[in-house]
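Data block below; observations after.
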Amino acid sequence: SAKPVPKPIRALDARTVSLVAAGEVIQRPSNCIKELLENCLDAGSTSIRVTVKEGGLKLLQIQDNGCGIRKADLPILCERFTTSKIKAFEDLSQLGTYGFRGEALASISHVAHLSVTTKTRDESCAWKAAYSNGNMVPVKAGLKDSQPIPCAGNDGTLIVVEDLFYNTPTRLKSLRSSSDEYSRIVAVVLHYSIHNAGVSMVCKKANASTADVNTAVGASVNDNIGLHYGEAVRKELVEVVVEHAELGVKAKGWFSGANYGAKKGTYLFFINHRLVDCTPLKRAFEGFYGTLLAKGSHPFVYLSLEIDPTKVDVNVHPTKREVGFEDQDEIVELICDALAKKLEKASESRSFKVQT
Ligand code: ADP
Ligand code: MG
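Taking UniProt numbering, the leading residue of the sequence shown gets 2, the next gets one more, and so forth.
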């Protein structure tokens, strides 16, 4: 049989490279909002408001009251690999922020219409800029210059993402209903609102009179869990804190006890403040609660692990959710032991209360 004739190898053009890269970072509205939310938190915001139309495909808007972006930085804001968060690869080992790759805004600007209105404390007005394919573009039709324009605004940043995936129809088609996408957005905001209790987060559909997430400034973790998962969980929560110097881990968790059971379990895991999936952790807690709860009953678990960054790969891709770490079994055992003791104490004090 005839061998195929080799075709010449060519470099992809810059536009194709950017679109492929953007598609890897921004796969659906919910990971777009995750990136934007992390930027607001990195900026030190205490109040973050998310507004959504059509599951985020028509509009994703996020307003924060953080440090803002310097006007001088606006022209390069959406270029790939521009960041204010690290200067060199070595800085990654002590990363104190979520972001560092400088890819999120760049990616969004390739697959949506993006505008940014921002004000730092030092500016007397806000500045609005628009972006397309990594570049700053005129803010309005009719304007010739790709300059930021002055406008009214509070300290902080407003990011508006419209018509997500307008130029990638196959991606658009691969998404499910806008109500499914909206639930995913709500889940991201909800989980970050629990992990960042104290920072107020609001998530609502545009034109809706009530919000689907609405946490208060200064609220506690318990408040925010109770708000969304109900009083039944809240009153059963026990808090567990363990630290282990040799394993290089600090764990803080909120767990439901023996008197609470849901049809479906809730497992929220944050590793070094990033929302992750961790199947081995989930399995371990399923095993633990399997002996505690009746069959078909499941717990609420929210666990935040701070692990020595050399033991987790921090250089994971933004959309990589499943994360593993060293000494997993030892760390799980440590937490489950502490949890067992806490639950025992809780049940003792309960029976004591009942007696008196
Ligand atoms: P990264 O977060 O990895 O640095 P991004 O593309 O997400 O990359 O953001 C690029 C830069 O834009 C950030 O480093 C930061 O300086 C700035 N920025 C983005 N969003 C905000 C925001 N909400 N408030 C203040 N600065 C922001
Ligand atoms: Mg970022």
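Beta carbons: idealized from backbone N, C-alpha and C, even for Gly.
Q) Under 8 Å between the Cβ atoms of Val-26 and Ser-133? A) In this structure, Val-26 keeps its C-beta atom at 8 Å or more from the C-beta atom of Ser-133.
**Q.** Cβ neighbour criterion (16 or more within 10 Å) applied to Asn-155
**A.** Answer is exposed; the Cβ neighbour count stays below 16.
Q: Keeping to the same chain, check which residues put their C-beta closer than 6 Å to that of Arg-185; ignore five residues upstream and five downstream.
A: For Arg-185, same chain residues with a beta-carbon under 6 Å away, outside a window of 5 residues either side, are Ser-31 in chain order.
Q: Could you tell me if Leu-37 is buried or exposed, where buried requires 16 or more neighbouring beta carbons within 10 angstroms of its beta carbon?
A: Counting Cβ neighbours within 10 Å, Leu-37 comes out buried, since at least 16 surround it.
**Q.** Complete beta strand (DSSP E) runs within the segment 152-176 (minimum length 3 residues, chain order)
**A.** Positions of the beta strand (DSSP E) runs, each at least 3 residues long and wholly inside the segment 152-176, are given as 157-163 in order along the chain.
**Q.** Pairwise C-alpha distance: Ile-49 and Lys-120
**A.** In a straight line, the C-alpha of Lys-120 is about 15 Å away from that of Ile-49.
Q. When we look at the beta-carbon of Asp-43 and count the other beta-carbons within 10 Å, is it buried (16 or more) or exposed?
A. Classification of Asp-43: buried, given that the 10 Å Cβ count is 16 or more.
Q) Just checking, does the segment 230-242 make contact with the segment 200-211 on the three C-beta pairs under 8 Å criterion? A) Short answer: they don't touch.
**Q.** CB of Gly-258 within 8 Å of CB of Glu-237, strictly
**A.** A contact, by the Cβ cut-off of 8 Å.
Q) Hey, quick one: how far does the alpha helix (DSSP H) through Ser-2 stretch, first residue to last? A) Boundaries cannot be given for Ser-2, as no alpha helix (DSSP H) includes it and DSSP labels it neither H nor E.
Q: Could you tell me if Ile-226 is buried or exposed, where buried requires 16 or more neighbouring beta carbons within 10 angstroms of its beta carbon?
A: Classification of Ile-226: buried, given that the 10 Å Cβ count is 16 or more.
Q) Between Asp-330, Gly-45 and Lys-59, which lies nearest to Ser-178 when the distance is taken from Cα to Cα? A) Looking only at Asp-330, Gly-45 and Lys-59, the smallest Cα-Cα distance to Ser-178 is reached by Lys-59.
Q: Locate the beta strand (DSSP E) running through Lys-253, then write down its first and last residues.
A: 250-256 is the span of the beta strand (DSSP E), which, as asked, contains Lys-253.
Q | Distance between Asn-215 and Lys-145 (C-alpha atoms, nearest Å) | A | As the crow flies, the alpha-carbon of Lys-145 is around 41 Å from that of Asn-215.
**Q.** Beta carbon of Asn-66 nearer than 8 Å to that of Thr-52
**A.** No, the pair does not count as a contact, with Cβ atoms beyond the cut-off.
Q: Going by DSSP, name the residue or residues bridged to Ser-48.
A: Looking at the DSSP assignment, Ser-48 forms a beta bridge with Ser-201.
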